[in-house]
Amino acid sequence: MHIRLSNLKRDYGSLHAVQDVSLDIPSNTIYGIIGRSGAGKSTLVRLVSMLERPDAGQVYFDDERVDNLEGRALIEKRRRIGMIFQNFNLFSSRDAAGNIAYPMEICGMDKAYIRKRVDELLALVGLEGRGNAPISTLSGGQKQRVAIARALACQPDILFCDEATSALDPQTTRSILALIKELQAKMNLTVVMITHQMEVVRDACERVAVLDGGRIVEEGLVSDIFANPHSEVTKDFLSHLTNVRDSIVRWSQEDGRFTLRFRGDTTDEPIISNVSNETGAVFNIRAAGVQHVGDEEMGVMVLDIGPDERHVREAVEMLKKYGVLVEGDV
Ligand SMILES: Nc1ncnc2c1ncn2[C@@H]1O[C@H](COP(=O)(O)OP(=O)(O)OP(=O)(O)O)[C@@H](O)[C@H]1O
Ligand SMILES: [Mg+2]
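Numbering-wise (the working numbering), the sequence shown opens with residue 86 and increments by one.
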């Protein structure tokens, strides 16, 4: 299901939690929304999932307006949405199977069907045979798997993940993201991934919107935004991406003045040699490596250019002609 947000606003007293947010979230994809704490992410999710009404603006699912629905129509539409959270929100009084069965019981589904479907869902999330497990005996990753099975029980079109991996260690995070990716493809879901971790965006999302102070400050394909971030918030998020640093080898502790990013076709060519030969510029490489962004591989190089400003300008101009993304001031 395709989601469209048009000029959404939500105030809490004098606080503008969501300000004029317009977004297109395509169907059948994993879409990231990243922002610092208090940026308005959860508020936005509550508006889109019809748990709260916007003060202004509209929400459309497949071109049908949904933010003004009431009664039965609202309940029906909410069933098209599954949600998972950081703290799992499971019932500790029920076992794993009981949690997964819950939304189907609410919908008044047949008992025999529910039993069969719970087994299917347990298998789907890799918890085959663990239906009787009390929630307190499950690990964080297993709890999130139960929550995912519960969210998908009534076959929704949309899955919201609000900081779904924030309470998990990196390895468990990767396994949960892999599961969400697998289920997204299998069930043609539109997944909206709310996070404050760039790693999550990099590893799972196709597109991303950066939210700051209730506004969208940047939006686009994850690979484009990693290659060429515009807003300060985005640059800040990217600079804290620990795994990227890990994949980059540093020769020198001094920061290079320029960061070059090579993507796609450019990556096989001897660009640095060509530019050096043709302009006479010299390159001092401080660090280099490969980043995996989504399904794309991107070469990264941190370097200084010399011997003087004229060579710097010529070299940067030529690098850009080669399609290299150059960050740093000429
Ligand atoms: N029900 C509410 N009443 C009053 N203020 C609220 C309410 N819900 C959210 N806010 C405020 O709105 C702003 C945005 O909050 P929100 O929970 O959407 O941020 P967030 O991006 O999800 O943050 P976090 O990463 O910490 O979850 C915050 O300043 C918060 O204090
Ligand atoms: Mg939140």
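Where is the CB? At the ideal position from N, CA and C, for every residue including glycine.
Close beta carbons around residue i, own chain, < 6 Å, minus the five adjacent residues each side
| i | result |
| --- | --- |
| H101 | G299 |
| P314 | K320 and L323 |
| T275 | M86, S112 and I243 |
| A420 | Because the chain here runs from 86 to 415, residue 420 falls outside it and cannot be looked at. |
| G142 | S91, N92, L93 and K94 |
| M189 | I199 and A238 |
| R202 | none |
| Q269 | I115 and V276 |
| Y145 | R89 |
| F347 | G384 and V409 |
Residues bridged to residue i (per DSSP)
| i | result |
| --- | --- |
| M383 | R348 and Q376 |
| M168 | F245 |
| P355 | Answer is none; P355 lacks a bridge partner. |
| R292 | Y116 and L306 |
| Y97 | L100 |
| A182 | A182 pairs with nothing; no bridge assigned. |
| S91 | Q143 |
| L388 | F343 and I370 |
| D62 | It is not possible to answer for residue 62, since the shown part of the chain is limited to 86 through 415. |
| L209 | None; L209 has no bridge partner. |
| L410 | R346 |
| V334 | A373 |
7 Å Cβ shell around residue i - same chain, five flanking residues per side excluded
| i | result |
| --- | --- |
| G365 | H396 |
| F173 | K228, Q229 and A232 |
| G226 | L253, T257, S260 and I261 |
| I357 | F368 |
| L159 | M135 |
| Q104 | K94, G299 and R300 |
| N328 | Any reading at N328 needs caution, since the residue's pLDDT is 48, under 50, leaving its predicted position unreliable; the model's value is listed next. For N328, where only same-chain residues beyond five positions count, the Cβ hits under 7 Å are E284. |
| M403 | V360, E363 and T364 |
| G70 | Lying before the first or after the last residue shown, residue 70 is absent from the chain, which here runs from 86 to 415. |
Status (buried if at least 16 other CB within 10 Å, exposed otherwise) for residue i
| i | result |
| --- | --- |
| P139 | buried |
| Q256 | exposed |
| V334 | exposed |
| D148 | exposed |
| V133 | buried |
| D180 | buried |
| S177 | exposed |
| D393 | exposed |
| T222 | exposed |
| G183 | buried |
Beta-carbon gap between residue i and residue j smaller than 8 Å
| i | j | result |
| --- | --- | --- |
| H325 | G120 | no |
| K241 | I166 | The displayed chain sequence assigns Pro, not Lys, to residue 241. Yes. |
| I169 | A218 | no |
| R292 | Y407 | no |
| C246 | M278 | yes |
| V411 | G391 | no |
| A373 | M386 | yes |
| I265 | A289 | yes |
| V307 | R287 | yes |
| S122 | Q171 | no |
| R398 | V415 | yes |
| L175 | I220 | yes |
Reduced DSSP category for residue i - H, G, I as helix; E, B as strand; rest coil
| i | result |
| --- | --- |
| N153 | coil |
| M278 | strand |
| A141 | strand |
| V329 | Legend: pLDDT at V329 = 47, less than 50; position of this residue unreliable, no value from coordinates given. |
| P219 | strand |
| R235 | helix |
| F311 | helix |
| F322 | helix |
| S224 | coil |
| D109 | strand |
| V130 | helix |
| L262 | helix |
| V401 | helix |
| V286 | helix |
| V415 | coil |
| G230 | Checking the displayed sequence, the identity of residue 230 turns out to be Arg instead of Gly. Three-state result, R230: helix. |
8 Å Cβ shell around residue i - same chain, five flanking residues per side excluded
| i | result |
| --- | --- |
| L108 | I88, R89, L90, A294, I301 and E304 |
| F343 | V387, L388, D389, I390, V401, V411, E412 and G413 |
What residues come near ligand 4, if near means a beta carbon less than 6 Å from any of its heavy atoms?
Among the ligands in the structure shown, ligand 4 does not appear; only ligand 1 and ligand 2 can be found there.
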